[in-house]
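See below for the structure under consideration.
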Amino acid sequence: MTDRSFPYRTLIAGLALAAGPAAVLAPGTALAASRPSPESATLPRIPLARFQNGLLPGSVADDHGVALGGIGSDLFHEKGAPRDEFWAITDRGPNGTVTVDGEDRTTFPVASFDPTIVKLRVRKGTIKITRALPITNAQGRPVTGLPNVEGRESAPYTLDGKTRLAYNGDGIDSEGLVRTKDGDFWVAEEYGPSLLHLDRRGRVVERYVPQGWTGKAGYPVKAVLPSILNKRTENRGFEGLTVSPDGKSLYVAVQSPLSNPDKSAYKKSRIARVFRFDLRKGSVSGEYAYRFEDVCAFDPSDCGDQKEMKISALTAVNDHELLVDERTDNVARIYRVDLRKATDILGMRWDDERTTPSLEQSESGIAPLPKTLAVDLGKVAGVPGKIEGVALADGRTLAVINDNDFGLGTFGPDGRLVDSGVPTKLTYVPLPR
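Adding 110 to a residue's 1-based position in the sequence shown gives its number in this note's numbering.
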């Protein structure tokens, strides 16, 4: 059998995070632009077929001119590792929307793409991939990035939107990554939404889904997450993921408000949910409300469209504080929240979809996570849009990276991609002393 964890000798994009929860910003201190041109690194263009076929021979027959991207979906630095080495993860792969016969259809131009964990080394403005682990099921088959359950996610189609693809119970839309002290990985993904435990080779050990989830997969599935998560808005499931400094708990955020009771509530709501997951027990042990900023004040270009506010990354500072990446596609700010000062709503009426009004309609009677602005990335020169990866590089530096959506622009008459020209870019942001 092919060793899929071999060193991959290609330059790519990435990030510089590092030394974990020791770095702490003074409460109430926020960073604006501190130098005009912060240090940055950019992903070289790597053909997607060349990348994946080096891991899974023959798995991509035609990449339609798409280059490797999406690795800014999340980043992780191991305690004690060199400052220039990191783990990262792609999302579900290149996808888009076309209109056929008046119907919007979700397309997967490279349907056989397999979400992949990569180990990165940052050198002289570029990133070298030193390992690549395609995510596989218990039998060693690629999970792919295709949706799971008909009626729960939009049907997948080929590039032209004319041929429907099959759903895949194994498929994941990976958006969050951590590595535990024993060398295993945990991934947060949007379809379930779910948490996946992977071994050190990238094989799924177990998948934790909401109670009532109806999918079938080629690996063990445990329906232990609160059933209220079945109200997640399509393509707005789990996004941010981090591990506590003691290694005992995961913290995972839903990207956007739930459609609870309906999509109208999601579009207007300013409340998202953050969950604590006990790694030893394999169950949820806490739940908190996170209150978004008003979109008009946050990003005037999106004024009137509150649903553009999202959570895209979490980073643990210590045993009770997290950094939260709150963003639109144009503006990103990092807030520091204190778990001790928020109401733990796990098991309360807010987890019952019959509650009226719902948490998404009114958080009356609870204390959301208190927020302090740490970094306003919109005021730092050179930071791109759609920041989805954030980490502490050291006590004085934050590293941020964008998701470039695989450079998807438009496809020409020949079926080849006209690249958007948006690269994957890492930027180092100096923190206040």
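Glycine included, every Cβ here is placed at the ideal spot set by N, Cα and C.
(Q) With three or more beta-carbon pairs closer than 8 Å as the criterion, would you say the stretch 228-241 touches the stretch 254-270? (A) no
**Q.** 6 Å Cβ shell around glycine 279 - same chain, five flanking residues per side excluded
**A.** Asn258, Gly325, Lys326 and Ala327
Q. From threonine 254 to proline 523, what distance separates their C-alpha atoms?
A. 27 Å
**Q.** Span separating the alpha-carbon of arginine 464 from that of leucine 305
**A.** 25 Å
Q. Thinking C-beta only, is phenylalanine 295 closer than 8 Å to arginine 308?
A. A small fix is needed here, since residue 308 is leucine in this sequence, not arginine. Yes.
Q. Arginine 346 to glycine 168, Cα distance in whole Å?
A. 32 Å
(Q) Below 8 Å, how does it come out for the stretch 488-497 and the stretch 527-538: are there three or more Cβ pairs, yes or no? (A) yes
Q) Which word fits leucine 527, buried or exposed, when buried means at least 16 other C-beta atoms lie within 10 angstroms of its C-beta? A) buried
Q. From aspartate 461 to serine 337, what does the alpha carbon distance come to, in whole angstroms?
A. 8 Å
Q | lysine 420 burial status per 10 Å Cβ neighbour count (16 or more: buried) | A | buried
Q: For the alpha helix (DSSP H) holding leucine 158, just list the boundary residues, first then last.
A: 158-163
Q) Tell me which same chain residues have a C-beta within less than 8 Å of the C-beta of proline 480, skipping the five on either side of it? A) Val447, Asp448, Lys451 and Ala452
Q: Report the three-state DSSP secondary structure of alanine 265 (helix, strand or coil).
A: coil
(Q) On a Cα-Cα basis, can you pick out the residue from Gln471, Val331, Ser369 and Gly499 that is closest to isoleucine 444? (A) Gly499
**Q.** Three-way DSSP call (helix, strand, coil) for aspartate 439 in this model
**A.** coil
**Q.** Validate contact between the stretch 161-176 and the stretch 188-202 using beta carbons, cut 8 Å, 3 pairs
**A.** no
Q. What span of residues does the beta strand (DSSP E) with phenylalanine 408 cover, start to end?
A. Segment 405-408 is the alpha helix (DSSP H) holding phenylalanine 408; no beta strand (DSSP E) there.
Q: Name the two residues that bound the continuous alpha helix (DSSP H) containing lysine 608.
A: Limits of the chain in this structure are 111 at one end and 543 at the other, which puts residue 608 out of reach.
Q. Nearest to leucine 541 by alpha carbon, out of Arg231, Asp292, Leu243 and Leu483?
A. Leu483
Q | Backbone secondary structure at glutamate 418 - three-state DSSP | A | helix
Q) Can you give, in chain order, each stretch of the beta strand (DSSP E) that sits fully within the stretch 209-239 and has at least 3 residues? A) 213-217 and 226-233
Q. Between arginine 202 and serine 284, is the Cβ-Cβ spacing less than 8 Å?
A. yes
Q) Around the C-beta of valine 210, are 16 or more other C-beta atoms found within 10 angstroms, so that it is buried, or is it exposed? A) exposed
Q: Decide if arginine 215 is buried, meaning its Cβ has at least 16 other Cβ atoms within 10 Å, or exposed.
A: buried
(Q) Helix, strand or coil, according to DSSP, for serine 284 in the structure here? (A) strand
Q: Measure the alpha-carbon distance for serine 222 versus glycine 357 and round it to whole angstroms.
A: 34 Å
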